[in-house]
Every structure is written in C-alpha cells, then in structure tokens.
DNA sequence: TCGCTGACTAAGCGCTTGCTCAGCATGGTG
DNA sequence: CACCATGCTGAGCAAGCGCTTAGTCAGCGA
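Protein chains in written order, with my numbering: chain P, 1 to 208; chain H, 1001 to 1208.
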C-alpha cells in the first residue's frame, strides 16, 4: 500500500530483528489496517493478504485478531511512556524539561501517527486484560506530566491554577496530533514539536 | 441504558419535535451505540433493540445504517459550526471573542461528548458524499478560528508566529475533550471551558 | 361496514466474519 | 535414505452481519 519504511512509522517497533519475519510483517500490516479502517472494520483476510499470506497463517503467529491489537497497543504505550520518562529525566529545570517533553511527544505522534491512531483510538476494542495493562501505562504518562507541572509551579517557573487541567491540555495537544497529521502536512514532525513546545510553555505561564 | 436526558447529550439534536418519535428514538440509540462501540462494531439489531423495535423497523425511517451515521455527523457538525459562528460574531475584540469561542467550543465537546465522539472519530465510516459535506463544514470551522487569530494578531492582541499551527492547537484542544471527558470528570463543562479559555489566551500571547 | 394506509414484526436470505484443520513442501538430522 | 518439525495453504465451518420480504394490525375517512 505505502512505501513508507516501518522505521518512520514506528521507530521503536519491538522485535524487528528477533521476531520471525512473517510475524513482524503481520504486525506491520495490522498497524496500518487498524489505523486506516479501525479494528472492527479490518478483517483477518485484510491483514494476512497485506502481509502476503493466507488468512490461516495469522493464527500460527498470533492467537487472535485481538491479540494483534493488544500487542500493538501495549508496545505503543510502552514506547510513549519511555519517551516521556526520557524527556523528564534529562538535564535542565522544569521549563527545559517540559519543552523537551512536548517536542518529543508531539513529534512522535506526528511521525508515528499510524501507530498513534491505534494506540489512542482503538482502546475500546481491547480485551479486558490488555486494557488494564494499557490503562496503567496511560496513567503513568499522565502522572509524569502532572508531576513536572507541579515541580515547575513549585519552582516558580510556571503559573497554573489547576495542575490536572493543565496536564490534560498538554497531553491532549500531543495525542490529537495523531488524528489530524497526514503525510500532506507541510510542517515536519520536529518543526511541529518545536512550535507546540513554545505554545505549551506560554500556556503554562513560563517566561520565555 | 443511561438515564441522561438527550438534551444534555445533544442539546441541538434537530427534529426532536417535528420528527416521528420512533425515528428520533432510533437516532438517539444510534448516537449512543456509535459513540460507545464505534460504527462498525454496532449492529442494526443493537440500535433497533435500544429503540425498542425490531431490526426491520429501522429501514422504515432510514435508508441504511450508514444513513443514520450521516445524519448524526452532518447535524453535529452543523451545530458546532453554528456555535463557533455565534461566538465569533458577538461583541468584543479578538481576545474577548476567542475566550468566548473556546469556552463554548470546549463546553460543548464536554457536554455533548457522546455526539462529539461520533462527529470526530467516525468520519472514516461515512459514505463518500456525506463525507464531502462534513469535510466542508470542518474546513469552515477551521477558517473561522484562523480568521479570528489573524484578526487578533493584526490588532496586536495576540502574538503568534504561525497562525495555522495556533488554530490547529485551539481546535485540537476542544475536540480532544470529547475523547477523554466522562461523567465521572469532576469539572463541569462550563468550568472546563473557562479554564481552557484562560490557557488558550495565554497560548496566543494575549495579555490578561 | 368497508377498503386503505402507515408502522411494525417474524422469519430468513445471501454474504462475510473470525477461526480451524487436514495436508503439503521444505530443510535439518539420524 | 527415512524421519520429523516448521511454516504455510486451501477449503470450509458456525456464527453473525445488513438488509428484505410477506404479512399483521390499529386507525381512519367515506
């Protein structure tokens, strides 16, 4: 369908080397189908055909269609959380950290928009146990952002009246990028990240 | 399913009085099912049963399942555009107008989150002709926001480097509310609107 | 009383879905 | 050579899908 290398769509896709190549192709095909049509509108035949196999081959590598979604969603959330922690842990004060976080969070949701759509908009299709895992990861992300805002407010670098609302706004901006960003967008993911970083710092009342 | 009055979910749902009551019930059931499970995971039996009818009754009032989605999506988008125009046309300078716009846009996406989910996240399931109508309405909304930001920048009330990016951020914040807001959220739609209005004005560099 | 209409249902058609299973080619091992 | 594990296919099953059809029935004007 598209010739975009997977590395661009999901740089952190796990198992690219270790996993059997067929399983990897199935995962890749599932990501693109789920993102484009949604989980329920995607058939196992769609996925298998995109991966160049018969429908039955899917069940050699994955237990079910839902298991594919669970794997994508969990890996995607884990990658996002890692990215957030990485940005928060680095050097600098709260404002510097926040700028870096927004830049990377935003750029990721633009660059990996295909995975991002599955991760953010197909949660309702997850089996209950996979949903629980993913919900915990989402909570962790939210907590990291809240903690950073709180630290900035305590240090006098930010002026916020409601930390939770501000945290919601920050993550919200980034997540929604995966909805509207397309390969026809004129801004590169990195440009967009820088601009959003600027907007967020102002939103939080940082002097810049 | 829920006892929330429809007026709260979609205050502007058209035809509540004029339309045959059965057709209205079907529309209402479709909104709730599409929002909760998505278009493709919703069956015509789901909708009909929720409306207290047999599956066949649906086809007396609507041509197809997709026609129901089209009606919901078009009416929802028309209502949103009307709300935006209403806020922009009112009195005050760009900053006052923008605050009002964000307050109402945000509050609507919280209050009418059920319709909002269908409107914003089921676009891909629309038949092509209905999609064209809806896409035009979305473009109109984006243009209104962009124009207002441009006016504010020209009047020296806003400091923005990229109008399109800023406009994206403003609408993005509001739209994403329909994804995460639940009836367990502690902020009322109006409170959230006021807080988001504050954040957006700061983001746009308005002195407040 | 009558025929007619509009809203509705029970039954089910044709098709697609997720998934299974018997069997086949391949390549490494004794 | 035989033997088997691995990775896959072709065929197809049971269930469920959107939608249709034939028919019921209350209400109504003449």
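Glycine included, each C-beta is placed from N, C-alpha and C at the ideal position.
Next on the checklist: To the nearest angstrom, how far is the alpha carbon of residue 85 (chain P) from that of residue 112 (chain P)?
Outcome noted: Using only the alpha carbons, I get a separation of about 18 Å.
Next on the checklist: Rounded to whole angstroms, what is the Cα-Cα separation between residue 1009 (chain H) and residue 1071 (chain H)?
Outcome noted: Because residue 1009 (chain H) carries a pLDDT of 46, less than 50, the predicted location of this residue cannot be relied on, and no value is offered for it.
Next on the checklist: If you reduce the DSSP assignment to three classes, tell me which class residue 63 (chain P) lands in.
Outcome noted: coil
Checklist entry - Is residue 1177 (chain H) buried or exposed, if buried means 16 or more other CB atoms sit within 10 Å of its CB? => result buried
Item to check | Minimum C-alpha distance to residue 1076 (chain H) - residue among H:1045, H:1089, H:1031 | outcome: H:1031
Item to check | Reduced DSSP secondary structure (H/G/I, E/B, other) of residue 1207 (chain H) | outcome: coil
Item to check | Contained beta strand (DSSP E) runs [length at least 3] in the segment 1027-1088 of chain H, N- to C-terminal order | outcome: none
Item to check | Partners in chain H for residue 205 (chain P), counting only beta-carbon separations shorter than 9 Å | outcome: 1202
Item to check | Whole-Å CB distance - residue 1205 (chain H) paired with residue 124 (chain P), under 8 Å assumed | outcome: Rounded, the Cβ-Cβ distance is 38 Å, inconsistent with contact.
Checklist entry - How long is the line joining the alpha carbons of residue 115 (chain P) and residue 200 (chain P), rounded to whole angstroms? => result 24 Å
Checklist entry - Should residue 91 (chain P) be flagged as near chain H, meaning a C-beta pair shorter than 7 Å? => result no
Item to check | Through-space distance from residue 1120 (chain H) to residue 27 (chain P), alpha-carbon basis | outcome: 27 Å
Checklist entry - Which whole-angstrom value is the C-beta distance of residue 40 (chain P) and residue 1040 (chain H), which I expect to be below 8 Å? => result 4 Å
Item to check | Beta-carbon proximity of residue 193 (chain P) to residue 91 (chain P), cut-off 7 Å | outcome: no
Next on the checklist: Does any residue of chain P have a CB that is nearer than 7 Å to the CB of residue 1165 (chain H)?
Outcome noted: yes
Next on the checklist: Is the separation between the beta-carbon of residue 1148 (chain H) and that of residue 1089 (chain H) shorter than 7 Å?
Outcome noted: It is not a contact, given that the beta carbons lie outside the stated cut-off.
Next on the checklist: For residue 1094 (chain H), tell me which candidate among H:1156, H:1034, H:1142 has the shortest Cα-Cα distance.
Outcome noted: H:1156
Checklist entry - In terms of residues, what are the limits of the alpha helix (DSSP H) holding residue 1111 (chain H)? => result That run of the alpha helix (DSSP H) goes 1094-1111.
Item to check | Where residue 59 (chain P) falls, given that 16 or more other Cβ within 10 Å makes a residue buried | outcome: exposed
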